[in-house]
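Okay, so here's the structure we're looking at.
Numbering (our numbering), first residue to last: 1 to 464.
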């Protein structure tokens, strides 16, 4: 049971997963740790998501479960989501609609996107098509998982793709010698399949390359066996799923805990992972500051805000996560005030008419304005709704995981439990049943639910 790790969380997770066994680390990670690492194909792969908010864990189902169980212990606001369309899964799908560049395919419990350039056959609305998931997506992402009609046998450093007229389909940029190396490696690539080497292959020895290729060849044989003679009566249906994919979302509390883990290995600035999650430019700045030994004792929100945002005059989104993994943008507003020293911003939004404000029972009217205060690390935030004439129409206090004020948006996971203060001064808690349902469904831990309840009680006392 071994795992490979890549991305902005790599140092902390390499330390955290030492008992699982990390293999084939990158050059910087190898230099950072005074230990021997295994070589050869990993049973699972941990990679930072494209938005840097968490990681995806893909590979052998048992290994994925072990890794995820360890990661979920990181912080109270760590969430995990099993993907029903994991990498490598094969579906008999139904083409729900076609668009300019591809088709939306119904996979049953979810949908995927099949670019026409990745389809070896013509597809049209209403068709049945066999597809494979080549790029899964976390539940909070706005895009659907990417599909292909080609068949892939995925591995850690090497993959095989069926139907290419070449021994090697592709190599990482700057490593053309891998194409020549493939010809002398002991594993025999089956007829009709071609090798595609991943970035991790550039750091491997000849023996490790051979092991990676052997694992991919074995995966291809297993996949062909599982697909042979399969009859599908009802479409859509999942035909095969050799690997599992689970997504892990880190909140502010979890990122601080990962800082502590990383600090056991190397110099780590307070807020290291929080800053790196904000933007790639900020990530580079963190590396530079740490290389100079610039390690402030507190999270430098003022410096981060000044250099990368958010700042007064900016426009930010309110990225309202749900415990089931969905991400809902509540709207975008203008930052009318920023207090960098306190890590606090005030966001103003103009509301549209129609409907009512949740739990307040007040109709939304043209000219209404919502004024919200967000403070970095706080487990709640208040929104005051005012009419066009300035009349206070009610206050809604959201209870959530610790707020993170990123340059383009405020992000957190909503914990359902809220406190409202009506225009007449009445204060009440709402939506406790929804929080309890999340606990029953395994989406929220008992510890996190107790934290939310305690926060709501304190808010209710303060506003009463």
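The beta-carbon is built from N, C-alpha and C at its ideal position, and this holds for glycine as well.
First and last residue of the uninterrupted beta strand (DSSP E) at residue i
i, result
"residue 63", "First-last for residue 63: 61 to 71, but that is the alpha helix (DSSP H), not the beta strand (DSSP E)."
"residue 180", "Note, residue 180: premise wrong, no beta strand (DSSP E); alpha helix (DSSP H) at 177 to 184."
"residue 418", "409 to 421"
"residue 269", "No beta strand (DSSP E) holds residue 269; DSSP gives it neither H nor E."
"residue 372", "369 to 375"
"residue 398", "392 to 400"
"residue 50", "Element bounds for residue 50: n/a, residue is neither H nor E."
"residue 96", "90 to 98"
"residue 143", "Here residue 143 belongs to no beta strand (DSSP E), and DSSP marks it neither H nor E."
"residue 277", "That residue, residue 277, is in no beta strand (DSSP E); it is neither H nor E in DSSP."
"residue 238", "237 to 240"
"residue 79", "78 to 82"
"residue 360", "It is not in any beta strand (DSSP E) - residue 360 carries neither H nor E in the DSSP assignment."
"residue 108", "Looking at the DSSP string, residue 108 is not in any beta strand (DSSP E), and its letter there is neither H nor E."
"residue 382", "380 to 386"
"residue 20", "Note, residue 20: premise wrong, no beta strand (DSSP E); not H, not E."
"residue 132", "128 to 135"
"residue 364", "Segment: none, residue 364 is in no beta strand (DSSP E) and carries neither H nor E."
"residue 6", "3 to 6"
Expected contact under 8 Å - CB spacing of residue i and residue j to nearest Å
i, j, result
"residue 155", "residue 216", "4 Å"
"residue 444", "residue 323", "5 Å"
"residue 195", "residue 182", "5 Å"
"residue 134", "residue 149", "Rounded, the Cβ-Cβ distance is 10 Å, inconsistent with contact."
"residue 89", "residue 132", "7 Å"
"residue 14", "residue 33", "7 Å"
"residue 303", "residue 41", "Not really, about 42 Å apart at Cβ, beyond 8 Å."
"residue 367", "residue 348", "About 13 Å; that fails the 8 Å criterion."
"residue 158", "residue 198", "7 Å"
"residue 343", "residue 413", "That pair is no contact at about 19 Å."
"residue 52", "residue 276", "7 Å"
"residue 81", "residue 136", "Incorrect: roughly 11 Å between the Cβ atoms, too far for contact."
"residue 220", "residue 153", "4 Å"
"residue 105", "residue 151", "Contact flag wrong, Cβ pair sits at about 16 Å."
"residue 455", "residue 446", "15 Å between Cβ atoms; not a contact."
Boundaries of the alpha helix (DSSP H) in which residue i is found, first to last residue
i, result
"residue 287", "280 to 291"
"residue 493", "Any answer about residue 493 is impossible in this case: the structure gives the chain only from 1 up to 464."
"residue 28", "27 to 32"
"residue 15", "10 to 16"
Other residues of its chain near residue i: CB distance less than 8 Å, five sequence neighbours each side excluded
i, result
"residue 392", "384, 385, 386, 423"
"residue 254", "74, 75, 76, 77, 78"
"residue 37", "22, 23, 24, 25, 30"
"residue 188", "217"
"residue 306", "340"
Own chain, CB closer than 6 Å to residue i, minus 5 neighbours either side, in chain order
i, result
"residue 125", "95, 97, 98"
"residue 355", "364"
"residue 144", "111, 112, 113"
"residue 464", "427"
"residue 71", "248"
"residue 2", "21, 23, 38, 42, 43"
"residue 16", "261"
"residue 332", "315, 317"
"residue 411", "319, 404"
"residue 4", "23, 24, 42, 45, 156"
"residue 371", "348, 384"
"residue 328", "320"
Neighbourhood of residue i by C-beta, 7 Å cutoff - its chain only, sequence neighbours within 5 removed
i, result
"residue 452", "399, 415, 417, 435"
"residue 430", "359, 418, 420"
"residue 107", "85, 91, 93, 236"
"residue 227", "90, 239, 240"
heavy atom of the ligand NAD below 7 Å from residue i C-beta
i, result
"residue 463", "This structure lacks the ligand NAD; in fact it carries no ligand of any kind."
Residue-chain proximity (residue i, chain D), Cβ-Cβ < 8 Å
i, result
"residue 217", "Going by chain labels, chain D is absent from the structure shown, which holds only one protein chain."
Within 8 Å, do at least three Cβ pairs link the segment 159 to 170 to the segment 8 to 23? no
If you scan the segment 286 to 354 from start to end, which runs of the alpha helix (DSSP H) of 4 or more residues do you find wholly inside it? 301 to 308
So within the segment 154 to 213, which uninterrupted alpha helix (DSSP H) runs reach at least 4 residues, ignoring any that extend past its ends? 177 to 184
Only counting runs of 4 or more residues, tell me where the alpha helix (DSSP H) segments fall wholly within the segment 422 to 463, in order along the chain. 432 to 440, 446 to 463
Quick test of the definition: if touching needs 3 or more C-beta pairs under 8 Å, does the segment 241 to 249 touch the segment 367 to 375? no
Answer yes if the segment 310 to 317 comes into contact with the segment 277 to 293, meaning at least three C-beta pairs across the two stretches below 8 Å, and no otherwise. no
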